[in-house]
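First up is the structure itself, then whatever we jot down about it.
As structure tokens, then:
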């Protein structure tokens with residue numbers, strides 16, 4: 132008899148990836164997959180990649196979810212706080228949404244609006260001390276997909292004082308699944324194939340989370356939609372404060388992190404290598420012309436950026452080895 | 132102590148996928164990955180998606196391979212026969228190449244040239260009686276990627292006499308990884324993105340294999356290169372001989388096949404749903420205008436079309452459950 | 132002072148391509164672009180590729196359109212007949228929709244439903260006698276995009292009796308712009324990239340038009356959605372009646388057609404080579420195994436399949452050289 | 132009788148686009164297209180999108196080229212200087228390569244190696260005074276594709292002192308045609324589709340050209356290969372020196388530039404909108420968090436980034452209107 136897990140909001144892309152990972156997890160039993168509109172429909176009608184999974188979407192009902200040992204919330208931003216409040220404390224919860232990430236209520240109001248639901252334990256195990264914090268928590272807020280890619284690249288450099296926190300410039304491109312499964316014209320295949328398009332330039336709602344997680348005090352983020360289903364490539368530049376070798380700092384920070392790979396010198400991360408996996412690939416250098424430190428990170432936005440990370444957090448919360456049911460190897464080409 | 136497996140020709144796309152599957156297989160220990168030109172290089176220099184796999188390509192030497200319990204040959208057509216001949220009978224071999232697929236030496240000479248190496252047990256477990264034959268064999272010839280998709284769609288219909296074997300028309304489109312990893316201008320991203328291009332029209336070397344495997348006596352195959360890394364979509368049309376329901380025939384044929392999914396009526400296979408998996412999705416109907424039976428099948432050419440199938444065959448040869456270390460769930464979107 | 136042209140339904144993909152072609156046409160003055168929902172919005176808000184075109188969408192009002200010498204109707208199927216009925220006979224009309232293509236009212240009712248608006252002159256100038264018919268018409272029904280690709284490949288062979296009309300098998304794959312600009316989940320970039328998916332298998336509404344245009348009496352059409360914005364690749368197979376060389380038949384049929392190119396022997400059409408152009412590329416062979424004739428054609432579904440063809444028809448109706456303002460050269464890679 | 136133009140190096144992607152533009156140019160007669168290896172082959176064997184162009188590649192021979200009024204050199208870097216030296220001064224030359232762009236011989240040696248061929252008139256008409264300089268020149272060095280996108284975004288801001296030249300951070304992603312037509316494994320479709328990969332991070336050979344053209348004194352450039360055939364999206368960030376509105380500066384700089392479009396507020400450039408066109412789309416804002424100026428520009432790397440720009444320069448050199456034979460409208464979707 133395994134650990135009973137449920138997914139709320141299982142009809143979206145992160146929800147589908149969670150179902151795939153749970154189905155392959157040796158310790159998890161999937162007891163419910165809920166969805167607002169698709170309640171009553173076979174899961175495979177929405178996620179044909181799960182052909183053979185004999186399951187029907189349930190309505191998103193707290194009573195259904197309360198029956199599980201652990202619940203993943205893969206709901207739109209603003210919807211998970213209300214649902215989580217109805218779940219008993221004995222049920223462990225990993226929230227893939229933004230509702231419980233920010234400690235700063237003002238930042239929440241400014242970017243998301245509405246009342247601030249309060250911060251939960253932040254779900255990025257690779258941050259110092261965070262692995263233990265997650266292991267002891269019953270409520271964990273999964274890190275946002277852009278924040279994962281950028282924080283893993285930047286946080287150790289700021290933490291050791293190797294770069295200045297006040298002047299960080301990031302350009303990060305994401306595959307389209309990061310924008311969700313709702314039908315919108317600008318996300319049509321006809322629009323996105325062959326196209327790169329920036330969005331929310333100069334004022335992205337993920338900036339407060341990234342600053343909180345990295346320690347950056349001045350951050351310019353330009354997100355770009357890229358013509359691929361999955362993947363985030365983040366290019367992070369910052370001003371070095373001294374002569375610290377950024378590669379050495381990163382190597383030290385992630386010596387014991389099973390999912391973070393600092394690539395050999397000369398090899399640069401690319402997104403396809405992380406597809407379907409829970410891994411993050413990193414590389415760093417110092418720009419010969421500007422002297423800036425450049426760190427590039429690649430993740431699968433649905434993997435380490437969402438569902439993979441959520442399973443990693445769940446493993447820690449449940450006392451399982453961090454890597455249970457997760458792969459570090461990408462599906463490529 | 133697991134079963135010792137080796138991969139010869141591990142630097143190609145099928146080889147890389149084999150390494151990924153072997154690394155995740157609970158019973159296999161990877162003891163060698165050989166490659167002609169990359170001998171001495173880290174595996175991750177060629178396959179960055181395997182970051183974390185600490186292994187160096189060995190030279191393709193029979194002595195190295197003879198040390199394994201089972202060897203996968205993922206070599207170019209025409210190279211595996213010579214190598215296989217140097218391996219002791221005690222070493223089980225799965226050949227992903229074409230060398231040992233054809234029983235007809237004339238057909239071999241006509242399409243491939245050179246001497247015919249002789250046929251091995253044909254590695255498509257879903258054919259009648261073939262699961263047992265593979266379980267008893269020490270040498271198995273993996274089915275070609277197009278042949279998998281087409282045979283699973285067509286063979287049961289011919290076997291029960293539901294369609295005429297003499298007039299089968301197939302158009303099958305493949306992702307670019309099916310064309311291999313050798314650098315050729317017509318396979319450049321600039322050429323293939325946004326493009327569909329037929330090739331070897333009217334005379335494809337896979338036709339004899341498909342006829343042998345399906346029982347078709349007249350077959351027109353038009354292969355098309357499609358702008359995606361993975362996946363084969365085969366559209367098979369044939370003339371019905373009576374009123375047999377093609378869906379019923381397929382449902383019956385694959386009732387016990389864990390990797391073949393006949394989709395619910397109205398749902399049609401699409402390739403992305405099989406990416407990274409060992410599954411084949413099928414659907415069939417009768418054309419209202421022409422009366423032809425149309426069967427569509429989708430596979431991942433590197434999964435059920437190559438590496439996944441090879442592991443499935445290896446499992447059978449080694450007495451393991453057929454599904455060990457394989458997934459039926461695709462990585463999508 | 133040029134010829135005054137207007138576009139109704141200018142906010143869709145075919146509409147946008149029409150605006151691009153009209154803007155570059157040496158004899159046309161664009162006097163109105165109408166759109167239902169976007170009335171009042173700048174054209175460039177919907178079609179950013181037309182940056183610099185200083186024009187606002189008008190409401191789709193017959194009075195606005197009646198002021199033009201020629202009107203292109205790029206409306207959803209079923210909407211153009213009503214609008215056309217309100218335009219004076221003195222205004223020439225090219226309808227890109229399906230409303231006036233079919234001569235058979237029963238076929239219309241069966242596939243589209245609703246009353247049959249009656250057939251107009253069929254807008255495929257490359258059919259025998261059709262160039263003159265179009266030149267003398269004031270109402271022309273543009274050929275559907277699949278029908279263009281298939282008819283140009285097949286009609287001459289049936290016309291000369293080189294193939295049997297009763298057993299034609301077609302698999303045709305289209306880029307996503309053929310499915311229009313309405314936001315639908317299955318057309319999202321996340322869904323279509325990396326994917327091939329058949330649709331309306333066994334019963335496609337374009338079959339009656341294709342039979343009417345080609346003379347085929349038995350036709351199996353399997354349409355496939357392909358991961359590219361533009362392009363149709365049609366693979367047409369038929370049974371030869373004798374020894375006629377299909378290349379010779381096609382060469383003869385299109386000797387004077389400026390937009391149809393029979394490629395040199397050994398070269399096969401591919402869609403990217405026709406992107407942005409009004410051309411159709413053709414190649415034919417006889418399958419060595421089945422003896423079937425295989426003809427492959429490639430077009431840009433928005434070019435020769437829609438907007439380019441419409442301009443070609445308009446040129447003929449207005450007494451201009453057929454090629455005015457149109458290119459035979461694709462934008463590739 | 133038109134102006135006689137020739138293309139040397141016509142078998143590459145920029146060469147093919149030049150042939151397409153020349154074929155549609157009302158004043159140009161194409162008298163020769165030369166290619167090293169393909170000499171003697173039909174142009175359409177290499178560029179099937181030009182089906183109908185009845186021309187054979189000539190060998191790259193100065194005597195052949197000297198017969199033209201104007202020669203476009205689309206050769207690999209390092210090859211055009213030697214060829215140009217053999218052409219009489221009476222033949223106008225536009226060099227699409229890097230050989231004559233840099234005024235600083237040291238920078239040339241550092242990044243390209245070999246002797247410095249000396250700088251020609253720099254072919255970016257939108258720079259102050261440059262339109263007249265080009266009109267008076269017989270030798271013009273086309274701007275590099277990255278340099279076009281970045282310079283148009285940045286140069287006016289530095290010129291008026293609105294941003295600090297010493298701290299510019301650029302991340303620029305390019306479609307694969309920018310990497311050329313040589314067959315390389317990392318450019319295969321299987322590798323690039325679904326993938327974003329940075330390259331030459333921290334030390335790109337285009338930095339000296341960009342600094343020369345923009346006036347930047349400290350520049351960090353991270354180039355990224357994107358999964359699309361064409362297009363460059365450059366994200367340029369810089370530190371403002373005061374309160375100047377970056378949009379107002381750009382609007383003023385390009386008031387008379389027919390190919391540069393500052394988009395309406397809120398609309399951001401995306402690459403697909405410029406495909407096949409000679410246009411550059413721009414937008415700018417000030418980041419609310421960091422206070423940095425962010426300018427994004429989009430071009431077609433083969434259009435305004437190469438062949439389109441070359442024709443624009445040729446028009447100016449020949450006294451034709453700058454826009455002759457060029458389109459500002461992209462082929463989209």
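Protein chains in written order, with this note's numbering: chain A, 132 to 464; chain B, 132 to 464; chain C, 132 to 464; chain D, 132 to 464. We treat Cβ as the ideally placed atom computed from N, Cα and C, and that holds for glycine. The model shown is predicted, which means the values in this text are computed figures rather than measured ones.
- Residues of the region 314–329 of chain C whose Cβ lies closer than 8 angstroms to any Cβ of chain A, in chain order: 314, 315, 316, 318, 319, 320, 321, 322, 323, 324, 325.
- Using a CB distance cut-off of 9 angstroms, residue 173(B) counts as an interface residue toward chain A.
- Contact of residue 305(C) with chain D is not assigned, every C-beta pair being separated by 9 angstroms or more.
- Residues of the region 360–381 of chain D that bring their beta carbon within less than 9 angstroms of a beta carbon in chain A comprise 360, 361, 362, 363, 364, 366, 368, 370, in sequence order.
- If you look at residue 432(B), you'll find it isn't in any beta strand (DSSP E); DSSP assigns it neither H nor E.
- Listed along chain A, the residues sitting closer than 7 angstroms to residue 418(D) by beta-carbon distance are 333, 351.
- Under the 9 angstroms criterion on CB atoms, residue 462(C) is classed as interfacial with respect to chain D.
- Secondary structure note for residue 462(C): it is in no beta strand (DSSP E), with a DSSP letter that is neither H nor E.
- For residue 414(C), the secondary structure class from DSSP, reduced to helix, strand or coil, is strand.
- By the criterion of at least three beta-carbon pairs nearer than 8 angstroms, the region 156–174 of chain C is not in contact with the region 215–223 of chain A.
- Residue environment: residue 428(C) is assigned as buried (16 or more neighbouring CB atoms within 10 Å of its CB, all protein chains considered).
- The shortest C-alpha to C-alpha distance from residue 168(C) to any of 232(C), 274(C), 188(C) is the one to 188(C).
- Within the region 311–366 of chain B, the alpha helix (DSSP H) runs of at least 4 residues that lie entirely inside it are, in chain order, 320–323, 338–345.
- Among the residues of the region 235–252 of chain C, none has a Cβ less than 9 angstroms away from any Cβ of chain D.
- One finds 320, 324 in chain C with Cβ atoms closer than 9 angstroms to the Cβ of residue 358(A), taken in chain order.
- Residues of chain D whose Cβ lies closer than 9 angstroms to the Cβ of residue 423(A) are, in chain order, 298, 300, 333, 349, 351.
- A Cβ-Cβ separation of about 5 angstroms places residue 271(C) in contact with residue 225(C) under the 8 angstroms criterion.
- Chain-ordered, the chain D residues with CB closer than 7 angstroms to the CB of residue 427(A) read 329, 332.
- Distance from the Cα of residue 392(C) is smallest, within the candidate group 369(C), 183(C), 257(C), 195(C), for 257(C).
- In this structure, DSSP gives residue 305(C) an extended state, which the three-state scheme calls strand.
- Going by DSSP, residue 273(B) is part of the beta strand (DSSP E) stretching over 270–273.
- Straight through space, the alpha carbons of residue 206(B) and residue 274(B) are spaced by roughly 14 angstroms.
- Residue 291(C) places its beta carbon 9 angstroms or farther from that of residue 424(C).
- Put simply, the backbone Cα of residue 462(B) is about 20 angstroms away from that of residue 324(A).
- When the Cα atoms are used, residue 441(C) and residue 145(C) turn out to be separated by approximately 10 angstroms.
- Among the CB atoms of chain D, none fall inside 9 angstroms of the CB of residue 439(C).
- Scanning the region 214–253 of chain B for uninterrupted alpha helix (DSSP H) segments of 4 residues or longer gives 236–242, listed from N- to C-terminal end.
- Spatial neighbours of residue 229(A) in its own chain (CB-CB distance under 7 angstroms, excluding positions within 5 residues in sequence) are listed in chain order as 208, 243, 275.
- Look at the region 396–414 of chain D: the residues with a C-beta under 9 angstroms from a C-beta of chain A are 399, 400, 401, 402, 403, 404, 406, 414.
- In this structure residue 265(C) does not touch residue 152(C) by the C-beta definition: roughly 17 angstroms separates them, more than the 8 angstroms allowed.
- For residue 308(B), the C-beta contacts it makes with chain D under 7 angstroms involve 321, in order along the chain.
- Contact annotation: residue 430(A) and residue 362(A) have beta-carbon atoms nearer than 9 angstroms.
- Taking 9 angstroms as the cut-off, the beta carbon of residue 354(A) is found no closer than this to the beta carbon of residue 307(A).
- By the neighbour-count criterion, in which 16 or more other beta carbons inside 10 Å mark a residue as buried, residue 418(C) falls on the buried side.
- Rounded to whole angstroms, the gap between the alpha carbons of residue 341(B) and residue 365(B) is 12 angstroms.
- In the DSSP assignment, residue 160(A) forms a beta bridge with 135(A).
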